[in-house]
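**Student:**
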Amino acid sequence: MIYFTGQTQRRYLYKNLMKILLWVNVLLLSACNSGGKNHSDDTIDRTEYLLAISKTGSGAGIVISNPDGLDCGDDCSESFVAETVVTLSAAPDSGSTFKGWSGGGCSGTGDCQISMDQEYAVIADFEKNMEENSSCEPLNPDDFPCDILVSNATELETAINNLQENETICLEDGEYAMGNMFIWASNTTIRSSSGNRDAVIIDNAYRESQSIFSVRADHVTISDLTLKRAWWHAIHVSGGGHFANLHNLHIIDAREQFIKVNNNGAQRNDDGTLSCSFLELTDTGREFIQDNPTSASLQCYTGGIDVLTADNWLVKNNTFKNIYCNNGYLPTHMILFWQDTSNPTVEKNTIVNCARGIGFGLGTSKTHSGGIIKNNMIYDDETLYGTFDVGIGIENAQNVKVCNNTVYVGHYFNAIEYRFSGTTGTQIFNNLTNHTIAERNGGTADLKNNVTHAQASWFSAITEGDLHLAYDVPEAVDQGIDIPEVTDDIDGEKRDDGNPDTGADEYK
Numbered sequence: 034m035i036y037f038t039g040q041t042q043r044r045y046l047y048k049n050l051m052k053i054l055l056w057v058n059v060l061l062l063s064a065c066n067s068g069g070k071n072h073s074d075d076t077i078d079r080t081e082y083l084l085a086i087s088k089t090g091s092g093a094g095i096v097i098s099n100p101d102g103l104d105c106g107d108d109c110s111e112s113f114v115a116e117t118v119v120t121l122s123a124a125p126d127s128g129s130t131f132k133g134w135s136g137g138g139c140s141g142t143g144d145c146q147i148s149m150d151q152e153y154a155v156i157a158d159f160e161k162n163m164e165e166n167s168s169c170e171p172l173n174p175d176d177f178p179c180d181i182l183v184s185n186a187t188e189l190e191t192a193i194n195n196l197q198e199n200e201t202i203c204l205e206d207g208e209y210a211m212g213n214m215f216i217w218a219s220n221t222t223i224r225s226s227s228g229n230r231d232a233v234i235i236d237n238a239y240r241e242s243q244s245i246f247s248v249r250a251d252h253v254t255i256s257d258l259t260l261k262r263a264w265w266h267a268i269h270v271s272g273g274g275h276f277a278n279l280h281n282l283h284i285i286d287a288r289e290q291f292i293k294v295n296n297n298g299a300q301r302n303d304d305g306t307l308s309c310s311f312l313e314l315t316d317t318g319r320e321f322i323q324d325n326p327t328s329a330s331l332q333c334y335t336g337g338i339d340v341l342t343a344d345n346w347l348v349k350n351n352t353f354k355n356i357y358c359n360n361g362y363l364p365t366h367m368i369l370f371w372q373d374t375s376n377p378t379v380e381k382n383t384i385v386n387c388a389r390g391i392g393f394g395l396g397t398s399k400t401h402s403g404g405i406i407k408n409n410m411i412y413d414d415e416t417l418y419g420t421f422d423v424g425i426g427i428e429n430a431q432n433v434k435v436c437n438n439t440v441y442v443g444h445y446f447n448a449i450e451y452r453f454s455g456t457t458g459t460q461i462f463n464n465l466t467n468h469t470i471a472e473r474n475g476g477t478a479d480l481k482n483n484v485t486h487a488q489a490s491w492f493s494a495i496t497e498g499d500l501h502l503a504y505d506v507p508e509a510v511d512q513g514i515d516i517p518e519v520t521d522d523i524d525g526e527k528r529d530d531g532n533p534d535t536g537a538d539e540y541k
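So the number in the working numbering is just where the residue sits in the sequence shown, counting from 1, plus 33.
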């Protein structure tokens, strides 16, 4: 037996009395919870509400939740306890973009939070990324064997400066910080060694120079490369650059027109080709667009390919995307032939969300003659903030044919225009548009078998600029006339004899 006296005994008794009281309290609470009602539960709602996700659009992706439960993917509905705050996050698959939420109070493209006080249905819109027209192959290396192989910017600069006629420079995969390269030797080629244009990037990074490539000789081929952030143009053909062959290029963010072709005095630049290339302007690049120092009205001095004083060019199987300004000014057309040009063929190009589509002639200065615009698709999204104009414009041009194009413009009131009294002999046949084909300023044209009331529902994936017919649209299918110069469609599929479809796509 242990004996305590005085203060020590009092401390011991007090400490153990507190332990006893604590255990009594625990036992009483346990009894209430097991045998009586816990009144604190009166205010907790254990109701569960269903949150259902559905996906729409031409692309693909998943939606996940926090707290866990949704992985949509496959599991696209889940019940959550009332008042739970659920955060939804969207992740697009490769090749797709998340365009935004709708339903359930969700909007925009960021994460969405929902407090579960009822059942909710939310829609996630995933759209397939716009892809360039990819029906083309890189150059055949057997036809353009490498004479000089380079792997860095220093080697490339040396090779360009010493390039001789009939030589080919091949670039190994990698990035090259370069610009201001002049090509003076005829019958020469600059290409990637691998043929993979995305693996060989020449980036001028807006260093103050002229153009990335300046072509001053005939029969020059530039192919299978990515060209970025040119100070002026990605490629400038000037002064005797006949038979330029620009093929399978990806051009991103030039401060002025992406490709410029113009004379140097009496020296023209005839018989060139731009094919199988993808020209695009990013939101970041838009902030670097050059103002034309000679004209206060040209404060968006960019465009796609701008050709002056040249004959017999071919512009085929290219994609132009997002080339516009949001400062209230217009760039030139994505494909423009003007000031003493003649007989170009512009076919099977796709133009998406660009300020102006295709132009033969511009204004009333000088003229354009001949050529054909056929099997092109042109689209712009009316929700974009920027300045937009006509899809196809014929201005002060003679004897031009505009046939079997699909034009769906969201901003401008006319899809195709023929303008000014100098515009004569124009044939506008078999086009499919959502707006008017209009005469302006005294232009004249012969119009046949055009459909000008196209609906968005007629097309496969209109928000992505895919204007292939979604189904056998009675108003468009078999409504055209035979045109000798138009024997196939944008995909190379044969046109029906007798009654081809209107627009760029022959529905099969």
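C-beta: ideal position from N, C-alpha, C; glycine also.
Computed from a predicted structure; not experimentally measured.
Per DSSP, what kind of secondary structure is residue 339 in: helix, strand or coil?
**Tutor:** Looking at residue 339 - three-state DSSP - the assignment turns out to be strand.
**Student:** So, using beta-carbon positions, are residue 180 and residue 219 closer together than 7 angstroms?
**Tutor:** For residue 180 and residue 219, no; Cβs fall outside 7 angstroms.
**Student:** In chain order, which beta strand (DSSP E) runs of at least 3 residues are fully inside the stretch 294-377?
**Tutor:** As far as the stretch 294-377 is concerned, its whole beta strand (DSSP E) runs of at least 3 residues are 306-308, 311-313, 336-341, 347-349, 352-354, 368-371.
**Student:** Taking the alpha carbon of residue 305 as the reference point, which residue from 467, 198, 195, 248 has its own alpha carbon closest?
**Tutor:** Minimum Cα distance to residue 305 is reached at 248.
**Student:** Under DSSP, the alpha helix (DSSP H) around residue 193 begins and ends at which residues?
**Tutor:** Counting along the chain, the alpha helix (DSSP H) containing residue 193 begins and ends at 186-194.
**Student:** Do the CB positions of residue 456 and residue 485 come within less than 7 angstroms of each other?
**Tutor:** Not closer than 7 angstroms, so no.
**Student:** What whole-angstrom Cβ distance do residue 213 and residue 242 have, given they're in contact under 8 angstroms?
**Tutor:** About 4 angstroms; that satisfies the 8 angstroms criterion.
**Student:** Let me make sure I understand the geometry here. Which of 473, 434, 471 has the alpha-carbon closest to that of residue 459?
**Tutor:** Looking at the Cα atoms, 434 is the closest of the given residues.
**Student:** Considering just the uninterrupted stretch of the beta strand (DSSP E) at residue 406, what are its terminal residues?
**Tutor:** Residues 405-407.
**Student:** Between the Cα of residue 100 and the Cα atoms of 256, 120, 380, which residue gives the shortest distance?
**Tutor:** Nearest of 256, 120, 380 to residue 100, Cα basis: 120.
**Student:** Run the CB neighbour count on residue 493, radius 10 Å, all protein chains shown included, and call it buried at 16 or more, exposed below.
**Tutor:** With fewer than 16 other Cβ atoms within 10 Å, it is exposed.
**Student:** In terms of alpha-carbon separation, which member of 343, 264, 157, 332 lies closest to residue 272?
**Tutor:** The option with the nearest alpha carbon to residue 272 is 343.
**Student:** If we count the other Cβ atoms within 10 Å of its Cβ and call it buried at 16 or more, is residue 83 buried or exposed?
**Tutor:** Residue 83 should be labelled exposed.
**Student:** Near residue 238, what residues of its chain come up, given a Cβ to Cβ distance below 6 angstroms and the 5 sequence neighbours on each side ignored?
**Tutor:** Only 262 meet the Cβ criterion.
**Student:** Spatial neighbours of residue 452 within its chain, please: CB distance less than 6 angstroms, with the 5 preceding and 5 following residues excluded, ordered by chain position.
**Tutor:** Within the same chain, residue 452 has close Cβ partners 428, 473, 474, 476.
**Student:** If I'm right that residue 378 touches residue 401 with Cβ under 8 angstroms, what's the distance once you round it to whole angstroms?
**Tutor:** Not really, about 13 angstroms apart at Cβ, beyond 8 angstroms.
**Student:** Nearest-angstrom Cα distance between residue 155 and residue 92?
**Tutor:** The straight-line gap from Cα to Cα measures roughly 17 angstroms.
**Student:** Could you have a look at residue 461 and say whether DSSP puts it in helix, strand or coil?
**Tutor:** Note: residue 461 maps to strand in three-state DSSP.
**Student:** Assign residue 125 to one of two classes, buried (16 or more other C-beta atoms within 10 Å of its C-beta) or exposed (fewer than that).
**Tutor:** Label assigned to residue 125: buried.
**Student:** Roughly how many whole angstroms lie between the Cα atoms of residue 491 and residue 531?
**Tutor:** Whole-angstrom Cα-Cα distance: 23 angstroms.
**Student:** Would you report the Cα separation of residue 540 and residue 350, rounded to the nearest angstrom?
**Tutor:** Taking the straight line joining both Cα atoms gives about 19 angstroms.
**Student:** What would DSSP say about residue 80, mapped onto helix, strand or coil?
**Tutor:** Coil.
**Student:** Given a threshold of 16 other Cβ atoms within 10 Å of its Cβ, counted over all protein chains shown, does residue 256 qualify as buried or as exposed?
**Tutor:** With 16 or more other Cβ atoms within 10 Å, it is buried.
**Student:** Alpha carbon to alpha carbon, how far is residue 313 from residue 391? Give it in angstroms, no decimals.
**Tutor:** Each residue's Cα considered, the two are about 16 angstroms apart.
**Student:** For residue 504 and residue 534, what's the separation of their Cα atoms in angstroms?
**Tutor:** Their Cα atoms are separated by approximately 12 angstroms.
**Student:** Am I right that residue 386 and residue 414 are in contact with their C-beta atoms under 8 angstroms? What's the rounded C-beta distance?
**Tutor:** So it is a contact: roughly 6 angstroms between Cβ atoms.
**Student:** What is the rounded straight-line gap between the Cα of residue 103 and the Cα of residue 361?
**Tutor:** Distance between the alpha carbons of residue 103 and residue 361: 44 angstroms.
**Student:** Report back the beta-carbon spacing between residue 337 and residue 368 to the nearest angstrom; my notes put them in contact at under 8 angstroms.
**Tutor:** About 6 angstroms separates the two Cβ atoms, so the contact holds.
**Student:** Residue 497 by DSSP, collapsed to three states: which one?
**Tutor:** Three-state DSSP puts residue 497 in a helix.
**Student:** Beta-carbon separation of residue 129 and residue 106 under 7 angstroms?
**Tutor:** Contact flag unset, no.
**Student:** If you reduce the DSSP assignment to three classes, tell me which class residue 231 lands in.
**Tutor:** Of the three classes helix, strand and coil, the one that applies to residue 231 here is helix, per DSSP.
**Student:** Looking only at its chain, what residues have a beta carbon closer than 6 angstroms to the beta carbon of residue 140, apart from the 5 residues adjacent to it on each side?
**Tutor:** Here the set comprises 134.
**Student:** Just mark residue 393 as buried or exposed, buried being the case when its beta carbon has 16 or more other beta carbons within 10 Å.
**Tutor:** It counts as buried.
**Student:** Would you mind working out which of 223, 157, 496 sits nearest residue 416, comparing C-alpha positions?
**Tutor:** Nearest of 223, 157, 496 to residue 416, Cα basis: 496.
**Student:** Mind checking which residues open and close the beta strand (DSSP E) that includes residue 255?
**Tutor:** Residues 253-261.
**Student:** Could you tell me how far apart the beta carbons of residue 438 and residue 464 are, in whole angstroms, since I believe they sit closer than 8 angstroms?
**Tutor:** Yes, residue 438 and residue 464 are in contact; Cβ-Cβ is about 5 angstroms, under 8 angstroms.
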